[in-house]
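In our numbering, the protein residues as written are 2 to 371.
The beta-carbon is built from N, C-alpha and C at its ideal position, and this holds for glycine as well.
Every value quoted in this text rests on a predicted model; they were computed, and no experiment measured them.
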Ligand SMILES: NC(=O)c1ccc[n+]([C@@H]2O[C@H](COP(=O)([O-])OP(=O)(O)OC[C@H]3O[C@@H](n4cnc5c(N)ncnc54)[C@H](O)[C@@H]3O)[C@@H](O)[C@H]2O)c1
């Protein structure tokens, strides 16, 4: 396999600045990042899968490097991203007498990252944490930016915090055990970023075979690096999502509703793909996106197996009801990020998210799901 050198960037926000490294076999980078925090005890938080695949091995390695290490894990899957899991993890930390000399390592996909980050944000009023993403989705998106939190029966990510990690170490070697579906799940979040901010990078995604992502490690590294660069830029301008960071929510108003209606069985990236499909159609109906570019978006998603027929399972009336429960509703009206053209979103009066009447959403749905 071709050797690749690590690529680096950093995120500077109000109260912190932290490095991100993207490469392959980054154990030494991780040790460096951990040492910089000057803590004696490490709590590796994992789920059942990442515990079995990586956490015990990583724990033994870090013990040899001189740390006192515990692995705490919970059941894999979105259904675990809740208050119960947070309470159980906190209880274990308390029982094991973890004090302020503690560093949390979030070892897993977006679910582990969001839960472990939230635990770190609240444990003893905040202990530092490092993101070690193990899914492509977590590498290209969720491990960066400091949004941490959990779902409730009222909707996704309704409880949480902005709490930045001290470092993100994205080791592409973890990708080797992901299924093709999990790779596509992550690629869709990368595609979303390129569609809103960097059209030229879409061609990179075309070069990657999701069944063999490590067949071309340089391309994979470039996709992760560029995705993270887009996210870092946006987060640096608007850490707490007052406006510009909303750009990252393209596809998410409908996407979160789809994910919610699927009972969280549909992976996040796939739900977002349906969201992108509907929200591009809405952009087209509002005369913001050309029909030709809207068709290009749909064609792009088709290559990942996402077509409008998949929306039949999620009737528009139920989608609209679910949308109302989301955070993207302001004064009772749902807000959407709209595409102006490939690589650029629509802004009006300096705003990145816009109210859209329900009748437009219904019409978009009707045109798509014939
Ligand atoms: N905080 C943010 O900014 C942000 C952004 C986007 C998404 N998210 C959140 O991320 C979550 C989705 O993340 P996800 O898709 O990574 O889901 P996930 O964390 O549930 O991971 C998917 C599955 O892959 C397994 N897994 C993890 N690493 C593996 C590996 N290397 N090999 C084999 N299996 C592995 C996990 O155990 C799990 O079963 C959602 O909860 C979403 O809301 C958060």
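- Item | Rounded straight-line distance, which links the Cα of residue 260 to that of residue 272 | Cα atoms of residue 272 and residue 260: separation of roughly 5 Å, rounded to the nearest angstrom.
- Helix, strand or coil: how does DSSP classify residue 212 here? Per DSSP, reduced to three states, the secondary structure at residue 212 is coil, with no helix or strand assignment.
- Could you tell me whether any Cβ in chain C is nearer than 9 Å to the Cβ of residue 307? Checking the listed chains, one finds no chain C in this structure; it contains a single protein chain.
- Query: So is residue 51 buried or exposed if we call it buried at 16+ other beta carbons inside 10 Å?
  - Reply: So residue 51 ends up on the buried side.
- Three CB pairs or more closer than 8 Å across the region 189 to 207 and the region 245 to 254: These segments touch.
- Item | Cβ-Cβ distance between residue 88 and residue 105 below 9 Å | No. Outside cutoff.
- Message: Give me the residue from 323, 371, 25 with the minimum Cα distance to residue 140.
- Response: Cα-wise, what sits closest to residue 140 is 25.
- Message: Quick test of your reading: residue 208 and residue 151, contact by CB under 8 Å. State the CB separation rounded to the nearest angstrom.
- Response: With a contact defined as Cβ atoms closer than 8 Å, residue 208 and residue 151 miss out at about 36 Å.
- Message: For residue 27 and residue 54, what's the separation of their Cα atoms in angstroms?
- Response: Rounded to the nearest angstrom, the two C-alpha atoms are 16 Å apart.
- Message: Looking at the strands, I want to know which residues DSSP matches up with residue 132.
- Response: Paired residues: 107, 169.
- Item | Exposed unless 16 or more other CB atoms sit within 10 angstroms - verdict on residue 136 | Residue 136 counts as buried, since no fewer than 16 other beta carbons sit within 10 angstroms of its beta carbon.
- Query: Mind checking whether the beta-carbon of residue 143 lies closer than 8 Å to any heavy atom of ligand 1?
  - Reply: Yes, Cβ of residue 143 sits closer than 8 Å to a heavy atom of ligand 1.
- Find out if the Cβ-Cβ distance for the pair residue 77, residue 102 is shorter than 9 Å. No, the Cβ-Cβ distance between residue 77 and residue 102 is not below 9 Å.
- Message: In the DSSP assignment, the alpha helix (DSSP H) including residue 181 goes from what residue to what residue?
- Response: If you look at residue 181, you'll find it in the alpha helix (DSSP H) that goes 181 to 198.
- Query: How would you write the range of the beta strand (DSSP E) that residue 153 sits in, first residue to last?
  - Reply: Where residue 153 is concerned, the enclosing beta strand (DSSP E) stretches over 148 to 153.
- According to the neighbour-count rule (16 or more other Cβ atoms, all chains shown, within 10 Å of its Cβ), is residue 216 buried or exposed? That one is exposed.
- Rounded Cβ spacing between residue 131 and residue 168 (contact assumed at less than 8 Å): By a beta-carbon distance limit of 8 Å, residue 131 contacts residue 168. Their separation comes to about 5 Å.
- For residue 28, which three-state DSSP category applies? For residue 28, the secondary structure class from DSSP, reduced to helix, strand or coil, is helix.
- Item | Pick from 296, 325, 314, 247 that is closest to residue 348, judged by C-alpha positions | Measuring from the Cα of residue 348, the nearest candidate turns out to be 247.
- Message: In whole angstroms, give me the CA-to-CA distance for residue 326 and residue 63.
- Response: Cα-Cα distance, rounded: 43 Å.
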